[in-house]
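Chains as they are written, first to last, in the working numbering: chain A, 3 to 116; chain B, 907 to 1020.
Glycine residues also receive a C-beta, built at the ideal position from the N, C-alpha and C atoms.
Since this is a predicted model, take the numbers as computed values, not measurements.
As structure tokens, then:
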């Protein structure tokens, strides 16, 4: 069974640029959630994708957008990067309707915005 | 709306001592509760989860947590700390309705001294 993978591991961008982060879900899972973890904070929910559509969104502006593909992998896109976007971005996969809403996390992508 | 409060951003114990990490939650519906551990530069690993089957939950690496509805608490304990337990610990809540997103606390860094 393959776990959740994310790419790239680290990324450095400058303010105003755009970035795309990628996530491959665990085998058998059909739902992907994205979280932002700022330094010294707990992860915060950005949005969730199920059946290639956004299935819920946290308190993040529209410049945070995403995609889910037929193979259930997902992308997180951030436009017009700001310094405060520097964080660890975590992807979690799950199976919609599975018991306990259990999510399985990837290792994360560390984004630094200069 | 759900929320999680973790008391103490840092907890220091000696090797072999009792570990107690505190978590209080707020939820308008019966919750699912989780403890995750995060080692430096890594993603989140599930330690244990409360799913209403039993109030005392045993997890991996000797950790356990007790759900107390009257106190809205889900504190994490381990009888004897090991150096390898040094990491950041996050308490999270998910409700049993709607989509499966997690609301995290701010985390508690566990420091273990020899």
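Scanning chain A for C-beta atoms nearer than 9 angstroms to the C-beta of residue 1008 (chain B) yields 35, 37, 45, 47, 94, 103 and 105, reported in chain order. Rounded to the nearest whole angstrom, the CA to CA distance from residue 931 (chain B) to residue 941 (chain B) is 12 angstroms.
Rounded to the nearest whole angstrom, the C-alpha separation of residue 8 (chain A) and residue 965 (chain B) is 26 angstroms.
Closest by C-alpha distance to residue 109 (chain A), out of A:92, A:65, A:43 and A:53, is A:92.
Under the DSSP assignment, residue 59 (chain A) falls in the beta strand (DSSP E) whose first and last residues are 55-59. Nearest C-alpha to residue 948 (chain B) among B:994, B:1019 and B:955: B:994. Considering only A:79, A:73 and A:53, the residue with the shortest C-alpha distance to residue 64 (chain A) is A:79. A check of alpha carbon separations from residue 936 (chain B) across B:978, B:983 and B:950 identifies B:978 as the nearest. Between the alpha carbons of residue 76 (chain A) and residue 991 (chain B) lies a distance of about 32 angstroms.
Taking the CA atoms as reference points, residue 1009 (chain B) sits about 8 angstroms from residue 45 (chain A). Chain A places a beta carbon closer than 8 angstroms to that of residue 950 (chain B), counting this residue as a contact.
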